[in-house]
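If you use our numbering, the sequence shown corresponds to residues 92 to 350, in order.
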Amino acid sequence: MSENIYVIGNWKMNKHLNEVTDFCDKLNISLHDMFALDNSSNIEVGIAPAAIHLPQMSSASTFSLVAQNIAAEENGAYTGEISASMVAEYSRYVLVGHSERRMYFDETNEILVKKLMLAYKYNLIPIFCFGENLENREKGDYLYIIKQQLEKVIWPVFSSSDFLNQNLIIAYEPVWAIGTGKNASPEQISEVHDYVRDLLINNIENIKDSVPILYGGSCNSQNAKSILEQKNVNGLLIGGASLDVNHFTKIVQIAHGLY
Ligand code: PEP
């Protein structure tokens, strides 16, 4: 359904400037080599660095930039925050609703709605993350939890005519799979992605049928192929394995070989 396949790295709070420069130089060369003979490639590669590195990377990268966060307020007296309009000067995408932000920074659904609206106001494409925790998985109510997470944030935004047909990417990231080395199995991923695809199609008129649904949670070069082969998986959101440029490049190559 989605036309593009996304391979997005989330560096979280890692890497200093010298490491950033080295990574960008190497990834630029690899991407150039990989796509040199294939201008029609539909692979979208992105990296979400710490915000302080966005300006440097925007002038030195051939891949897309993703902000890890934006403030829930537009501007003003919010010490330490970075607004959507500031981020939009450098970045095309922004993560919204990552489970680490929900868990450690108390980001509620109300806050996420505000962030989504600000992202759209400043032409950022949100990558909205959702997913159940281990308890929900074990209790078996994970589809209900996922439905709630989408209904409480995506529905209110898209029910407004102001946001008709806006670009949106969503990422299923089961909390129990993030940073644990235990990825969800292709069957588990497929169940959720198929469910979410139906939910979007049947519930939101103003949303494009082609909303890409990414998977994130302990992806690496060993499991990328079997995950990407699932029907409603339109890309990967990669934490730990995106820190090493060779490992990340290998995953991009796998995606490129499949599509
Ligand atoms: C993430 O933080 O979005 C993530 C998927 O992390 P990891 O790949 O390390 O599980």
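Every residue gets a Cβ at the ideal spot worked out from N, C-alpha and C, and that includes glycine. Here the structure is a predicted model, which means the values were calculated and not measured.
Taking the beta strand (DSSP E) that residue i falls in, what are its first and last residues?
i	result
I280	Unbroken run through I280 is the alpha helix (DSSP H), P277 to N294; no beta strand (DSSP E).
C220	I216 to F221
E135	I134 to A139
A179	No beta strand (DSSP E) contains A179, which DSSP labels as neither H nor E.
Y213	Counting along the chain, Y213 falls outside any beta strand (DSSP E), and DSSP gives it neither H nor E.
I143	Where I143 is concerned, there is no enclosing beta strand (DSSP E), given that its DSSP letter is neither H nor E.
A262	I260 to Y263
Should residue i go down as buried or exposed, given a rule of 16 or more other Cβ atoms within 10 Å for buried?
i	result
A139	buried
H284	buried
P265	buried
N109	exposed
F339	buried
E229	exposed
P217	buried
Y350	exposed
K205	buried
T196	Just to set this straight, residue 196 is Phe in the shown sequence, not Thr. Exposed: under 16 other Cβ atoms inside 10 Å.
H107	exposed
A163	buried
Classify residue i as helix, strand or coil using the three-state DSSP reduction.
i	result
F249	helix
P303	coil
L327	strand
G270	coil
A151	coil
I298	coil
N95	coil
L225	helix
N352	Examination of residue 352 is not possible in this model, given that the chain is present from 92 through 350 alone.
A127	coil
L186	strand
L234	helix
L241	helix
L108	helix
L209	helix
L118	helix
L255	coil
L334	coil
Between the options, which has its C-alpha nearest residue i's C-alpha?
i	options	result
N214	L203, E229, R183 and I96	R183
L207	V98, I237 and I161	I161
G231	L203, E282 and L259	E282
Y233	G222, N314, T112 and I345	G222
D335	S312, P277 and H347	S312
L86	E191, I304, I120 and C310	Because the chain here runs from 92 to 350, residue 86 falls outside it and cannot be looked at.
S276	Q321, G270 and Q257	Q321
I143	N256, V187, N133 and M104	M104
V187	N200, M177 and Y181	N200
V244	L203, Y263 and Q257	L203
K299	D289, G308 and N227	D289
Looking at the secondary structure, which residues open and close the alpha helix (DSSP H) in which residue i lies?
i	result
L319	A315 to L319
N166	Run containing N166: none; DSSP gives neither H nor E here.
Y350	Run containing Y350: none; DSSP gives neither H nor E here.
E191	S190 to Y195
Within the present structure, is the beta-carbon of residue i separated from the nearest heavy atom of the ligand GDP by less than 8 Å?
i	result
E191	Judged by which ligands are present, the ligand GDP is missing from the structure shown, whose ligands are the ligand PEP.
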